[in-house]
Ligand code: HEM
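Numbering (full-length UniProt numbering), first residue to last: 33 to 521.
Shown next, in the form of structure tokens:
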């Protein structure tokens, strides 16, 4: 154990004994959300492991996570300088970079206001309550059409392959003012190969902690670097086109609004935070990246759960049929009338916990939790999976049961129960796309369930084992979708 002086009155963190050089890598293994959950039972809600030579504090339990991220939010708001993070967004990522606090805060504010202006703002037609809704309804319709065509030609479909294009189109619409066809090779090769991204960035990737591993040939790492390069080039090309056609009187999308902000700032003598144009326009890279992978993963898992629980799928269809009908596309305003769908989504976030850890945090100063000393610059993992499966918090946590979020008669959503689910982090680094994400998952799912019935292929058992990463995916597979007939029961 590395030697540190513990200030008087504070204790040394508990945790497993590390081996020389590799630390606790073997105990952490390939499913850290399970191994670190098991360790929390033994060592408590705050303990320390060592990955390679580097100490990492692991937080579990709703109370402890809230204490750190909300009550002591400032102390835990940093990001560690992990090896893999330098490749993301050219080392200038809002979400992954160790950024001086002032610059990160200013960029986060800018990103939030850009999202507000181009998602939540009123749409062009009175039919839709906001631009986001307009994008999703249109993409949802395209997706249903696309799945029908694929079913007719191939007899089965790969859920992630098609969902990811539709979801990418929604965020492309907001960020870049354009959409792509389901066969566009450039977009497809970018969004359909993102698995390696999550695998490398997932909490506890040994190469982030053990310098020696960086020099060994690794196919995953090579793909990761390649994906980031391709991603940056893709966005860079679109940004250049925006610069070339920029018109201050016609701000078309988030990219334009960020360029506009750069121009304004040059005129503003009082602006006190130094941000390069690159760092401002680079925000669009973060929004695009965060905006398609997470939501497509959520939707692709949703379809898997619908297939795994056909009885719930039928009840969801009947809720839609009764409350929305079959003659029009569902809208965000239908949400209060669809408690079962809301409960299904909450249970999906809880049960799958497909973002098992937040992005790693880092302490910004010497601090303490529960009487344990934690020095400045310590890497901190937040185990969301543990919070979502904690038997102290949930009855029968391993069973998939949307009912846990409904009133006894099934007609109302229990909001307090829903707030216990941890999927978007908490506090200063909390996800800035949460409202968009929740609305998007809701609306896409409503459209899919209203129009299609999903099933497994005969004789092919469903594999629901997650593959570990920042966002955990299910294995790629083939499913069946049949069109719902209007007169069917
Ligand atoms: C950060 C979850 C969708 C933008 C995060 C974090 C989580 C998360 C767990 C890390 C929090 C932490 O480190 O403590 C999700 C989930 C989503 C989703 C589950 C979908 C189901 C989105 C969308 C956007 C977005 C649609 C933008 C359009 C961001 C950004 C950050 C972030 C920019 C970094 C914040 C920072 O470091 O200050 N998200 N997210 N996310 N998310 Fe999301």
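Every residue gets a Cβ at the ideal spot worked out from N, C-alpha and C, and that includes glycine.
- Query: For the alpha helix (DSSP H) that residue 443 lies in, which residues bound it at each end?
  - Reply: Premise fails: residue 443 is in no alpha helix (DSSP H) and is neither H nor E.
- Proximity test, Cβ basis, 8 Å: residue 427 and chain C: No chain C is part of this structure, which consists of one protein chain only.
- Using DSSP with H/G/I as helix, E/B as strand and the rest coil, what is residue 11? Absent from the model: residue 11. The displayed extent of the chain is 33 to 521, so no value can be given.
- Item | Beta-carbon gap between residue 198 and residue 174 smaller than 8 Å | yes
- Message: Looking at the strands, I want to know which residues DSSP matches up with residue 400.
- Response: 405
- Item | Inter-residue Cα distance where the pair is residue 258 and residue 235 | 20 Å
- Item | Meets three-Cβ-pair contact criterion under 8 Å: the segment 448 to 456 and the segment 307 to 325 | no
- Quick one: what's got a C-beta closer than 7 Å to residue 38's C-beta in the same chain, skipping five residues either side? 44, 405
- Can you tell which of 77, 162, 506, 157 has the C-alpha that lies nearest to the C-alpha of residue 150? 162
- Message: Going by DSSP, what residue range makes up the alpha helix (DSSP H) through residue 509?
- Response: Residue 509 -> no alpha helix (DSSP H), and no H or E assigned at all.
- Message: I'd like the span of the alpha helix (DSSP H) that includes residue 191, first residue to last.
- Response: 191 to 208
- Message: Could you check if residue 473 belongs to the surroundings of ligand 1, using beta carbon to heavy atom distance under 7 Å?
- Response: yes
- Please check the pair residue 126 and residue 148, which I expect to be a contact at CB under 8 Å, by giving their CB distance rounded to whole angstroms. Wrong, their Cβ atoms sit about 16 Å apart, outside the cutoff.
- Query: With 16 other CB atoms within 10 Å as the buried threshold, where does residue 110 fall?
  - Reply: buried
- Confirm the yes/no value for this check: CB of residue 465, any heavy atom of ligand 2, distance under 7 Å. This structure does not include ligand 2; its bound ligands are ligand 1.
- In its own chain, which residues sit with a C-beta less than 8 Å from the C-beta of residue 69, not counting the 5 before and 5 after it? 92, 415, 417, 418, 421
- Query: First and last residue of the alpha helix (DSSP H) that includes residue 133?
  - Reply: 133 to 147
- Query: What residue ranges within the segment 287 to 354 form continuous alpha helix (DSSP H) runs of no fewer than 4 residues, ordered along the chain?
  - Reply: 309 to 313, 315 to 340
- Message: What does the Cβ neighbour count give for residue 513, buried or exposed, with the cut at 16 atoms within 10 Å?
- Response: buried
- Given residue 153, which residues of its chain have a CB within under 7 Å of its CB, disregarding the five upstream and five downstream residues? 162, 163
- Query: Hey, quick one: how far does the alpha helix (DSSP H) through residue 169 stretch, first residue to last?
  - Reply: 163 to 186
- Item | As assigned by DSSP and simplified to three states, the class of residue 432 | coil
- Given 8 Å as the limit, is there contact between the segment 314 to 334 and the segment 342 to 349, that is, 3 or more CB pairs closer than that? no
- Task: Figure out for me which residue from 355, 391, 441, 428 has the closest Cα to the Cα of residue 455.
- Result: 391
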